[in-house]
Each structure stands twice: as structure tokens, then as C-alpha cells.
Amino acid sequence: VEHLSKSNGHTAPSTPAPATQASTEVKDSEENKGISRSVLRCVALDSTSQRDKLKLNKNAPIWVTNTDDALADQLVTALEGQGFQAKCIDLSALSTMTAPPELAGLIILAPQDDTSDEFLLDAFLMLQLAGPALKATSGFVTTVSRMDGNFGLSSSTELSNALSGGLAGLSKTASHEWPEVACKAIDLSVEMTDPKEAARFLVEEALTQGPLEVGLTSAGAWQLNLDEEPVSATSDTLPLKKGDVVVITGGARGVTAEIAMALAESCQPKLILLGRSAAPQPEAAWLSALATESDIKRALMERGNGNITPKKLTEEYAALKRNREMLQNLARIQAHGGEVHYYSADIRDEQSVADIMNTIRSDFGSIRGLVHGAGVLADRHIEDKTAEQFEQVYGTKIQGLRNLLKVVGDDLRVMALFSSSTGRYGRKGQIDYAVANEVLNKVAQQERRSRKDCRVVSINWGPWAGGMVTPELAKVFEAENVPLIGLKAGANYLLEEISLPADGPAEVVILGGGVMAPESKATTPKKNTNTLSPAFDIQLDVEQHAFL
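Numbering (our numbering), first residue to last: 521 to 1068.
Below is the structure:
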């Protein structure tokens, strides 16, 4: 106590600080009301800029996945022609494979047609396996998707192999976690059918520094730009009207609840909310009169006759809090003219989704709007993430969307897919989330081409002031100088975005506070102005401290 009452060797003032109510929510303050909107575009790679060749260890091998045998063989030949030791690797034998101590490079090729979810998981596991050997030599990682050579942004009428676009999420995340490894995502046009010519282009680009994302077509090389482009004030009116059925995944709390609220205020639709949580139940009489966390926990302890553990107390309080928040949000939506119905569902379950959607169409009519906001996180570095975590994060976004698209019908006027800035930029610990959201972006490109009368957009949101962004995570973003998107500001912006014509951009990036890109802003660590001094020293060892 004596130590804690001192600051920099001086006794702290005796005047008590004003009492404040501890907040467990991220504030939707005036500071984070700004919205920065950028549109993704493909432009010709500047051929006049000088790019250096990578300096690689030619005594270490380069692995090339054999998903496309003809192209893989030609890549090995081209690499050997430049003095490297190259070898085709069979992804189907991944479970029995061990990496050498050193690797000069890894090239992960998407299949020429029909990339699968299983392939993306195997690609992640291959990257995970090769990581230590690549870091040991400061080698390179190149992923190769097989779309249009423009990352899905060309004006062609069809877009094939959209799932292969998820490979870029591997490269972009690895670039954050493994700064010593040269990472690159290449999109090779499906029109480049000559394996020898394609291999020559790929090897040249893979062995050259920057940029992180490069498209290759027979017409040359391309790169991606983000152009700041606010929504025009003269955009069309909202393509939804009173009584239209709108399905929103992601539940009745946080971000998606705020989206539902904004839609209720704007056009009074019939809102169908799908979430993992059980449907909310009316509160018991003993609970409804209690408002604060301390009062509710005290009541729970009394009802448990002193036998409730701290862990159980925390769990029960969290469940009551979730239930209350859902009840309040549903009441708010109804108070603003929205008819709202909540269904508990695991959207990864195809049959469950089909049954619910068929019930919705039978009870309420054709589905006019779809907002796919569901998502989960399982943050771990590449070397620590499990296949099960990858599948859960990826499946919620992609299998969930696939199940919805199978049964949603052809009457949609709005399809808004909630992607993430993690997909656009990559982020430490979120390789599965980056892959999933990049797939989401490319599926949006695909759907936009086939749904001519529907506004289809994949929104790469920056972090919100709510939802999955807990108060603790908000502090991380603050330290990184990444502003949050206010709940109301983000929800109101979505209405503007979906009001654009059907031929509007399919991939946009939305950040808070007018910041263009998280990694484009140089950040300087804040100087620690606190002078710390030790309170006590203790030596720990396994013999004396068994908990270790």
C-alpha cells in the first residue's frame, strides 16, 4: 500500500479522484464519427520503377505445390534454370511431411479450376509447416490465385475460381508476422493457358521485390490501388421499401443490431435476424428491477446460497447481460417501426439454414435484402493456429454465405457482405479471418456480375466501436492509431452504400476517422512518461511454486 500510494518517489495527493461508473462498452463518441471510404481498383504496374531482385540462398530448396501439375513442372524448370533447387510438393501428403531446416521459397499454386475450402485449409497448413524454414533463410512466399489477373476487378462478364482469391490472405498476413520473409500474392489470369509462358512470368515476379499484390495477364502486370471516393450525395434512393423482407446474420447485438435499427428507421422492413445465441427470454421478476452489474451479481450470489464460484458467477452474469441486450435491441427496432423476428441458427449448418429460409419465405414472402454480418475470431499467430480454429473462422463467413445463397432466391435487391480491413491489409493473428474475408470480396465480385438488378457490395470494415471490438481490443487499436467506426455512423453509412446503383463498386474499404490505410500511416511508439519502480522481488521456481 505504501508503494502504490507513491508516484515518482512523491506521496500521491490525498484528495480522492471523482467516482466514475466503470464502463464495459466502447464509447460511440464524436471522435469516431468520421468515415473514410476507398474503392479498390486495378491499375497497370509502373514499369519504369526500379525493383530489386530478392537475395536468396541458392543452397536451400524452393517448394512448389503440385495443384496444377503442368504449371508446377514448368515452374520447377524455370527456377532450376536460374540456379535454384526446386521441388514439387504434393499437398495430399501434407500430414506425413516434414520441412527441411531451410527453405529459400514456397510457391502455393491454386488449382486452375474449382478451388475448394479444403485446398485453402491445406494451403494454410503448408505455409505453417514451411514457416520456420523460410524464416531461417529470409526466404520468400508467393501465393498464386487463378482469376482474371486483376484480382476479380476486370470488366469481364464472368469471374471463375473466386475461392482462389483467398490465397492473398495468407501472403498478406504472413507479411505482418514474418517481416524477414518476402511475401507476395499474385493473381494469374486464367487466360494464360500456356504453362511455360505463365511460369516465366511467375518466376520473374516471385523473385522480385514488391508490391505485395500483383496481377499477371498477357497484357502485362497490374497492381491494386485504393482511391478515396466518398459516397455521392446524389446517390439513388434506398432499394428497399416498407414491408420488404431483409435477412441479417450476426445476431441481435452489437454491429448487426445497429444495422437493423438503421433499416427500421429508414424503411420499416420485416427484419429477420439470425444469430448463434438462443432466442432471448423475458426476464424474471427478481432480475428486471436490477440495473447495475454489482446489483445483479449480488443477487446471483444470494440465489446461489454462497455456493457459486467466481467463474460461474461471471458466466451467469454474461448470459443475463446478453439476453437483456437482445431484448432491448429488439424492442428498439420495433419502436422505430421495424417488424423483427429472431432465429437461433448455426449458419454453417446447411439444412438448418434451408429450413429457416423456407419458413421465412412461407411466412413473410420473398427475400429482398441480405446482410451477412456473422463472424467469429480465433486470433493466434500462424505457427499456433489449429486447423479447427481456421475452419471455424473460415466456415462462419464462407460456408455460412454459401448456405444462404443456395436458398435466398433471385428476388434480392440488396446484398451487403461484411468483410474486414483484415482481408484487405492482413493482420497479425488473423490469417483465417484474412483468407475468409478475401474470399468474401471475390464472391461479391462474382455475384455482382450475375445479379444485374441487385446492389452487391463487400464492405471491408475497419474496427467498429462495438461488436467483436471489446474495450481491451479498442485499446490495442488506439495504440496503433487506428480510429474506430462509431456504431451509428457506420450503420448510417451502410444505408448510403446500398443506395448506390447496382453497377456500383463491389469492393470498398471503410475506416474510421478519415484514415486511408492502417499500414500506410507511420506510427511512432508513444513515449512512456511513467517512471516505474519495483514493488517487490520474488524468485519463482517449479519446486516451490507447483502452479508453474
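In this text, a Cβ means the ideal position worked out from N, Cα and C, and glycines have one as well.
- Secondary structure remark: continuous beta strand (DSSP E) runs of at least 3 residues inside the region 635-702, in chain order: 660-665.
- A straight line joining the alpha-carbon of residue 562 with that of residue 776 spans about 31 Å.
- In this structure, the alpha-carbon of residue 808 lies about 30 Å from that of residue 767.
- Contact check for residue 648 against residue 902 passes: the beta carbons are separated by less than 7 Å.
- The alpha-carbon of residue 893 is positioned some 7 Å away from that of residue 937.
- Between residue 631 and residue 587, the C-beta spacing is below 7 Å.
- Membership of residue 723 in the alpha helix (DSSP H) is indicated by the continuous run 715-726.
- Taking a 10 Å sphere around the C-beta of residue 696, we find 16 or more other C-beta atoms and assign the residue as buried.
- Around the beta carbon of residue 1067, fewer than 16 other beta carbons lie within 10 angstroms, which makes this residue exposed.
- Going by DSSP, residue 997 is part of no beta strand (DSSP E) but of the alpha helix (DSSP H) stretching over 991-999.
- Here residue 698 is buried, its C-beta having at least 16 other C-beta atoms within 10 Å.
- Contact between the region 997-1013 and the region 972-988 is present, with at least three C-beta pairs closer than 8 Å.
- Non-local C-beta neighbours of residue 641 in its own chain, meaning closer than 7 Å and more than five positions away in sequence, comprise 907, 910, 911, ordered along the chain.
- Its chain contains 628, 687, 690, 691, 705 as the residues whose beta carbon lies nearer than 6 Å to that of residue 663, once the 5 sequence neighbours on both sides are disregarded; these appear in chain order.
- With respect to the 7 Å criterion, residue 794 and residue 718 are not classified as neighbours on the basis of their beta carbons.
- Bridge pairing for residue 938: 979 [DSSP].
- Burial check for residue 571: the Cβ neighbour count within 10 Å stays below 16, so the residue is exposed.
- In the DSSP assignment, residue 742 falls within the beta strand (DSSP E) that extends over 740-748.
- Membership of residue 1004 in any beta strand (DSSP E) is not indicated, and neither H nor E is assigned to it by DSSP.
- Beta-bridge partners of residue 861 (DSSP): 792.
- Assignment of residue 1060 by DSSP, reduced to helix, strand and coil, places it in the coil class.
- In the DSSP annotation of this structure, the continuous segment of the alpha helix (DSSP H) that includes residue 873 starts and ends at 870-884.
- When the beta-carbon positions are compared, residue 659 and residue 603 stay at least 7 Å from each other.
- Between residue 1013 and the set 751, 652, 568, the nearest pair of CA atoms involves 751.
- In this structure, DSSP gives residue 1024 a state outside helix and strand, which the three-state scheme calls coil.
- Distances from the CA of residue 886 to each of 929, 847, 918, 922 were compared; the closest alpha carbon is that of 929.
- In the pairwise beta carbon analysis, the region 784-798 is classified as not touching the region 811-830: fewer than three pairs are separated by under 8 Å.
- A residue is called buried once 16 or more other Cβ atoms fall within 10 Å of its Cβ, and residue 818, having fewer, is exposed.
- Proximity of the region 858-873 to the region 918-929 meets the contact definition, three or more beta-carbon pairs being nearer than 8 Å.
- Sixteen is the threshold: when 16 or more other Cβ atoms of the shown chains lie within 10 Å of the Cβ of residue 1029, as they do, the residue is buried.
- For residue 814, the uninterrupted alpha helix (DSSP H) run begins and ends at 813-823, by DSSP.
- As the crow flies, the alpha-carbon of residue 965 is around 16 Å from that of residue 735.
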